[in-house]
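Structure first, then comments.
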Amino acid sequence: MKSFLKHIFYYLFSDFFHKMSALLIAAFLWYYVNILSIEKIYISLPVAMKNLPENFTASAKDKLSVRLEIRTREDISTKLKTMEAYLDLSNPRIGDYFYPIKLTNVPENIHASILPYSLKISVDNLTNKRVPVQLSLQKKDDARKIINYSLTPAEVTLQGAENILNKISNIYTESLNSSALMEPNLNTNISLIVQSNISLKENSKIQLQAQIYVENYTNELLIPLQMQGLTQELIVEDHWSIPIIVQSPFTNISYIESNIKASIDMSTITKSGFYAFPVVIDTLPYITVLSNLFPIVRVSIKEKTAENQLENLFPNDEKNPYELENILEN
11 MKSFLKHIFY
21 YLFSDFFHKM
31 SALLIAAFLW
41 YYVNILSIEK
51 IYISLPVAMK
61 NLPENFTASA
71 KDKLSVRLEI
81 RTREDISTKL
91 KTMEAYLDLS
101 NPRIGDYFYP
111 IKLTNVPENI
121 HASILPYSLK
131 ISVDNLTNKR
141 VPVQLSLQKK
151 DDARKIINYS
161 LTPAEVTLQG
171 AENILNKISN
181 IYTESLNSSA
191 LMEPNLNTNI
201 SLIVQSNISL
211 KENSKIQLQA
221 QIYVENYTNE
231 LLIPLQMQGL
241 TQELIVEDHW
251 SIPIIVQSPF
261 TNISYIESNI
271 KASIDMSTIT
281 KSGFYAFPVV
291 IDTLPYITVL
301 SNLFPIVRVS
311 IKEKTAENQL
321 ENLFPNDEKN
331 PYELENILEN
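First residue of the sequence shown? That's 11 in this note's numbering, and the numbers climb one at a time after it.
Listed below in structure tokens is the structure:
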């Protein structure tokens, strides 16, 4: 017995340093192969909702994406493109519930950790509802009123979650723009405003026929005269404003003035002198110029000098044709 134990101790402790060195090297190699050589990759995948029965609808309470921690000993970056994350909704429950995230097409020899491992999904019955169409009007404008109108079709069918459709009693059209309300008889197509969580079974375009009352207002305005086309060697001695009378459905004077331009074309003038020019009035189609008291103006043109160029940068008060009758050329 003593001889046996003696042999055991001899083999255990003889050349102890070399044996411990070999053991440590073996432990390090095992650690390197099994731990350090594992590559970690973090990716995000979109999560699809699959296998939902046709009579149900589902929407996500959270963002439909998942973060994966991939562990592997080989370079599989090209293989990760085939991976898919999804929720199996083949057995849905009405209401808000968490459904586990599943992976498919996972490459071999990898371990994938999912975060989060489930997502909250709202499931409801998919239903249809017939609702009337309502015309959406902009803020009240006394100058333009819709007397009566008709919409075709007058009702449309919506499809969506039952609890959402129960809260909807009608659907509105897009607002009519101001230009559409200028014509006494309107016949046009107009789009419907559809919520993102419901769909429309029919065409989203509605035919609108309407009779519109348009009241016009008369205003006297003084419009600055624009000098156009004059060469750089010549300069206009005076600046003018043209009195006009206009009729329009607009009550905002600043808006009317900003959409009226009075101008004369001086592109044919090559030397100084007094010249008569016809005044051209440009405006919107719905602004009518009833009267231009000075359809022709006589303008003094001089050759440009340093002195009159400075005066032109800081002109005196504009000439008012009401006060200068001699500018009208009969």
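From the three backbone atoms N, C-alpha and C, an ideal C-beta is built for every residue, glycine too.
One alpha carbon belongs to asparagine 158, the other to asparagine 135, and they sit about 39 Å apart. Counting along the chain, the unbroken alpha helix (DSSP H) around leucine 175 starts and ends at 172-175. Assigned with DSSP and collapsed to three states, serine 100 falls in coil, not helix or strand. Distance check between lysine 139 and each of Glu118, Lys130, Pro163 and Leu168 places Leu168 closest, using alpha-carbon atoms only. A contact between stretches requires three or more CB pairs, one per stretch, nearer than 8 Å, and the segment 262-273 fails this requirement with the segment 308-316. Taking a contact as a CB-CB distance under 8 Å, the pair leucine 90 and isoleucine 124 does not count as one, their CB atoms being some 14 Å apart.
Excluding five sequence positions before and after leucine 74, the CB atoms of its chain that fall closer than 8 Å to its own CB belong to Pro56, Val57, Ala58, Met59 and Leu129, given in chain order.
The beta-carbon separation of asparagine 199 and lysine 215, rounded to 5 Å, stays under the 8 Å limit for a contact. For isoleucine 124, the enclosing beta strand (DSSP E) covers residues 120-125. The segment 221-237 makes contact with the segment 247-266: 3 or more CB pairs, one atom from each, lie closer than 8 Å. The beta-carbon distance between leucine 218 and leucine 303, rounded to whole angstroms, is 41 Å. This is too long to meet the 8 Å contact definition.
Leaving aside the five residues that flank lysine 71 on each side, the residues in its chain whose CB is nearer than 8 Å to its CB run, in chain order, Asp106, Leu129, Lys130, Ile131 and Ser132.
With respect to the 7 Å criterion, valine 76 and isoleucine 51 are not classified as neighbours on the basis of their beta carbons.
Secondary structure of serine 160 (DSSP, three-state): strand. When DSSP assignments are scanned along the segment 241-268, the uninterrupted stretches of beta strand (DSSP E) that are 3 or more residues long and fall wholly within it turn out to be 244-246 and 251-258. Within the same chain, Cβ atoms closer than 7 Å to the Cβ of glycine 170 are found at Thr67, Asn207, Ile208 and Ser209, the five residues on either side in sequence being excluded. With contacts defined by Cβ atoms closer than 7 Å, serine 201 and glutamate 184 form a contacting pair. Between glutamine 205 and the set Ile174, Leu191 and Ile254, the nearest pair of CA atoms involves Ile174. Residues Tyr223 of the same chain have their beta carbon placed closer than 6 Å to that of lysine 155, with the five preceding and five following residues left out of the count. Taking the C-beta atoms as reference points, valine 143 is found no nearer than 7 Å to isoleucine 203. Residue environment for isoleucine 245: buried (at least 16 other C-beta atoms within 10 angstroms of its C-beta). With respect to glutamine 257, leucine 300 sits close: the two C-beta atoms are nearer than 7 Å. Assignment of methionine 93 by DSSP, reduced to helix, strand and coil, places it in the coil class. Nearest to leucine 240 by alpha-carbon distance, out of Asn61, Tyr285 and Ile266, is Tyr285. Per DSSP, reduced to three states, the secondary structure at methionine 276 is coil, with no helix or strand assignment. Shown here, leucine 145 sits in coil according to DSSP, grouped into three states, outside any helix or strand. Annotated three-state conformation of leucine 300 is strand, per DSSP. Between glutamate 94 and the set Pro102, Gln221, Pro117 and Asn101, the nearest pair of CA atoms involves Pro117. Counting along the chain, the unbroken beta strand (DSSP E) around isoleucine 208 starts and ends at 208-210. In the same chain as leucine 294, and ignoring 5 residues on each side of it, the C-beta atoms closer than 6 Å to its own belong to Asn269, in chain order.
Leucine 97 is positioned such that its CB atom lies no closer than 7 Å to that of leucine 62.
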